Each structure stands twice: as C-alpha cells, then as structure tokens.
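Q:
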Amino acid sequence: MTQAAVRPSLASAKRIVVKIGSALLVDRTAGLKTGWLQGLAQDVAMLRARGTDVILVSSGSIALGRRVLDLPFAALPLEQSQAAAAVGQIRLARAYEEVLAPHGVMTAQVLVTLEDTEDRRRYLNSRATLQTLLGFGVVPIVNENDTVATDEIRFGDNDRLAAQIAVTIGADQLVLLSDVDGFYSANPQEDPTATRFEVIEHITPEIEAMAGEPISGLSKGGMKTKLMAARTAVQGGCAMAIMEGSVPRPLSALAAGANCTWFLPEGDPQAARKRWIAAMKPRGEVRVDAGAVAALAQGKSLLPAGVVAVSGSFGRGEPVAVLAPDGAVLAKGLIRYTAAEARAIAGHRSGEIEAILGYPGRAALIHRDDMVL
C-alpha cells in the first residue's frame with residue numbers, strides 16, 4: 001500500500017460499474033431519495049455522453065418493498081424478503097427509468113444470482129446479454145434476484161455482486177457508493193485516530209485485519225465485504241474505489257477529487273480474462289480450415305463455417321482447444337454450443353443455425369472475447 005501512488009482518473013475509464021447501497025437510495029421514513037437519484041442520473045448521462053459504458057448495480061428493492069408492505073425494519077424471514085423484493089424491484093426499475101429517460105438514456109433491468117456467475121453456461125449468457133445491452137447504449141440496472149435466491153445461491157451483498165459483474169463484462173473501474181468515504185485503518189466511528197488510505201496497491205494481511213463490520217442499519221455489506229469485492233475486482237484487472245456517495249452528483253465529486261480509497265488493478269481486464277481462459281483444461285477440440293486460421297489471426301471470432309471437425313464431450317461455456325488443419329493448437333476458448341450442437345452446425349453459415357438446430361443460436365461458435373490465441 002502507498003499514499004504516493006496516483007489515483008485512477010474517472011475520465012479515462014471506458015467501462016464503469018457503479019454500486020449503489022440501500023442507505024443512499026432509500027430513506028426509512030421518506031422512501032426513495034428522488035433528488036439524489038436525479039443527481040446520479042446526471043452523472044450517468046455525463047459519462048454516457050463521453051462514450052463510457054455504465055452499469056449500475058443497485059440495492060434497494062427489499063428496502064422499497066418493505067415500506068410498501070409495511071414490514072418492520074428488522075431481519076425478515078426468507079419468504080417475506082422475497083415478497084418485499086418482488087414488490088420493490090418493479091419500483092426500483094421504474095425509478096431509474098424515470099430519472100434517466102429525460103437524458104435520452106435507455107435502461108434495462110438485469111436480475112442475477114450467484115449461480116449465474118458460477119455456472120459457465122449462465123455466465124456466458126449473462127456476459128453476452130450485458131455486452132449486447134451496452135452495445136445498444138443501454139444502462140443495465142443489475143440486482144440480485146432476491147425473489148428466487150435462497151441462502152445457498154446468494155451473493156448476500158451487492159458489493160461482491162458488483163465486483164463479479166465488473167469482472168464479467170471487463171470493466172476497468174468499479175465505484176462503490178457507500179456510507180463511508182474510503183477504507184480506514186480502523187472504524188472511524190469508533191476510533192478517532194483512524195486514518196483513510198488514498199490508494200491501496202496490494203491487499204495485504206495487514207489491510208485485511210483492518211476491515212470492520214457493517215455500520216448502516218439498511219446496508220448488508222460492511223468493510224469486509226468491500227475488501228472481498230476489491231480482491232475480486234483487482235484480480236480481474238479492474239480498479240475499485242470506495243467513496244461516500246450521499247453527496248449530490250457523487251460521480252462528479254469523485255472526478256473532482258472527493259475523498260475515497262482506490263484499489264489498484266493487477267493488469268488490465270482483458271489480459272486477466274485471457275489468463276483465466278488459458279489456465280483451463282480443454283474438454284474437447286474443434287479443427288478449423290485455413291480461412292478460419294486467417295480470420296483468427298486477424299482477431300476475429302470463430303464462426304461455425306470455418307469448423308471442419310469437432311471432438312470431445314462438452315457443454316455450453318466450457319473450454320475447448322482450437323486446432324489448425326495440421327493439428328497444431330491455435331487457441332483455447334469458451335464455446336457457446338454443446339458438443340452435439342457444434343457437430344451439427346460445423347461447416348455451416350451462421351444464418352443456417354436456426355434451421356439446423358430448430359432454435360436461434362449465437363452467430364459465433366467462440367467469440368473473440370472468450371478466446372486466447
């Protein structure tokens with residue numbers, strides 16, 4: 001760790017994930033903090049105008065729903081939490097739509113569970129959906145699917161969910177809007193001598209020992225979960241900031257030098273993803289023709305038309321080796337079809353996939369973002 005390292009610049013980010021905590025968004029007595037949300041919308045519109053992709057990971061559905069259902073602000077049984085989430089999710093999505101639409105920004109609701117990021121097929125589907133939405137200029141509003149998630153399949157807090165989403169879509173910055181203005185050597189509400197770190201280059205055992213417990217009555221995530229999120233983010237090549245988010249236009253404040261703590265990334269997101277894929281053991285092989293070899297050399301995706309043979313047994317999202325006509329290994333990647341599906345569409349154009357399989361498929365057999373040469 002160091003205080004001298006240069007903090008990342010928000011202006012340099014190409015893709016940003018912003019996590020919004022319940023305490024920032026929902027007041028126990030007044031409900032949704034519309035004025036604050038409008039300021040955040042201005043910031044999002046500003047980033048989008050620069051060409052920056054923005055994903056919002058927002059808490060608040062249960063907090064909103066429990067007010068509507070007049071449930072107590074205390075620990076709820078699972079079924080009541082799920083009911084509150086179901087009521088609150090629609091209101092949360094509508095709130096974001098209403099504040100962003102005047103700026104010409106489209107929104108989409110994306111609900112996920114821990115299983116969606118641990119299962120390779122679901123992971124690829126989630127990644128593809130988010131990438132497509134960003135390609136259309138949409139701002140996805142992501143939340144844990146509390147209406148169906150049980151304790152066994154939960155993230156449990158949106159700090160870690162935000163970090164996983166950041167790694168999934170290759171974000172270069174993650175901003176946790178919180179109720180504290182950074183990472184401290186101790187809980188500043190209990191220890192007046194606690195000092196805030198400007199930049200943390202490495203998460204050491206000493207740093208881990210400084211993390212405390214949750215402070216807010218509405219928030220689930222304390223500093224420990226934020227540190228876990230930071231570890232996930234930086235290992236995926238994503239810088240992460242913790243800042244006090246209740247100020248008007250918090251992202252503008254961050255860009256202007258507001259107090260925060262930055263955790264510096266280990267490499268860049270794409271390189272980290274490629275290392276992850278390269279370390280996997282292939283479950284099968286696809287042999288390609290000379291045309292596909294040339295296309296891959298130019299950084300293009302692998303299309304079914306360039307495949308001449310498929311071997312092995314694998315499911316969607318599992319790693320396979322890509323072989324040249326002479327059998328040499330060209331690449332490794334996460335395939336978007338099962339072995340049976342890949343054999344059926346091998347050698348065919350992408351436009352023929354639906355007729356062959358009986359349902360629409362993805363144009364690429366292996367997308368270039370899911371492949372390492």
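Residue numbers for the sequence shown, in UniProt numbering: 1 to 373. Ideal placement from N, C-alpha and C gives every residue a C-beta, glycine not left out. As the structure is a computational prediction, the values presented were derived from the model and not from experiment.
(1) Would you report the Cα separation of residue 375 and G35, rounded to the nearest angstrom?
(2) Quick one: is V6 buried, meaning 16 or more other Cβ sit within 10 Å of its Cβ, or exposed?
(3) So what does DSSP say about P8, is it helix, strand or coil?
(4) Distance check for E190 and R48, CA to CA, integer angstroms please.
(5) With DSSP as the reference, label M240 as helix, strand or coil.
(6) Can you check the region 229-308 for any beta strand (DSSP E) of at least 3 residues that lies completely inside it and give the ranges in chain order?
(7) Compare the beta carbon distance of V43 and S252 with 9 Å and say whether it is the shorter of the two.
(8) Hey, would you say V329 sits closer than 9 Å to A321, going by beta carbons?
(9) Within the same chain, show all residues whose beta-carbon is closer than 8 Å to that of P8, passing over the 5 residues directly before and after it, in chain order.
(10) Give me, in chain order, the residues of the same chain whose beta-carbon lies closer than 8 Å to that of V180; leave out the 5 immediate sequence neighbours on both sides.
(11) Where do the ends of the alpha helix (DSSP H) carrying V57 lie?
(12) Tell me whether Q82 is buried or exposed, calling it buried when 16 or more other Cβ atoms sit within 10 Å of its Cβ.
(13) For A128, which residues from the same chain have a beta carbon less than 6 Å from its beta carbon, with the 5 sequence-adjacent residues on both sides left out?
(14) Which residue or residues does DSSP assign as beta-bridge partners of E144?
(15) For R343, which residues of its own chain have a beta-carbon under 7 Å away from its beta-carbon, when the five flanking residues on both sides are left out?
A: So, to answer that:
(1) Absent from the structure is residue 375, since the part of the chain shown begins at 1 and ends at 373.
(2) Start at 1 with the first residue of the sequence shown, and residue 6 comes out as number 6. V6 should be labelled exposed.
(3) Walking along the sequence shown from the start, residue 8 turns up at place 8. P8: coil per DSSP, three-state reduction.
(4) The sequence position of residue 48 within the sequence shown is 48, counting from 1. The sequence position of residue 190 within the sequence shown is 190, counting from 1. If you take the alpha carbons of R48 and E190, they lie about 39 Å apart.
(5) In the sequence shown, the residue the question calls residue 240 occupies position 240. Strand at M240.
(6) 239-244, 260-263 and 284-288
(7) Taking the first residue of the sequence shown as position 1, residue 43 is located at position 43. Taking the first residue of the sequence shown as position 1, residue 252 is located at position 252. At residue 43 the sequence reads Asp, which differs from the Val that was named. Note that the C-beta distance between D43 and S252 is below 9 Å.
(8) Taking the sequence shown and counting its residues from 1, one reaches residue 329 at position 329. Taking the sequence shown and counting its residues from 1, one reaches residue 321 at position 321. It is a contact, given that the beta carbons lie within the stated cut-off.
(9) Numbered from its first residue, the sequence shown carries residue 8 at position 8. So the list reads Q173, A239, A241, W262 and L264, once near-sequence residues are dropped.
(10) As a position in the sequence shown, residue 180 is number 180, starting the count at 1. Once the five neighbours on either side are set aside, the close Cβ partners of V180 are P188, I215, M223, I242 and E244.
(11) Within the sequence shown, numbered from 1, the residue matching residue 57 stands at position 57. Careful: V57 lies outside any alpha helix (DSSP H), inside the beta strand (DSSP E) at D53 to S58.
(12) Reading the sequence shown from its first residue, position 82 is the one you call residue 82. Its Cβ being crowded by 16 or more others within 10 Å, Q82 is buried.
(13) In the sequence shown, residue 128 corresponds to position 128, counting from 1. Sequence-distant Cβ neighbours of A128 in its own chain, meaning closer than 6 Å and more than five residues away, do not exist here.
(14) Mapped onto the sequence shown, residue 144 falls at position 144. E144 is bridged to V112.
(15) Walking along the sequence shown from the start, residue 343 turns up at place 343. Counting only Cβ-Cβ distances below 7 Å, and skipping sequence neighbours, we find V310.
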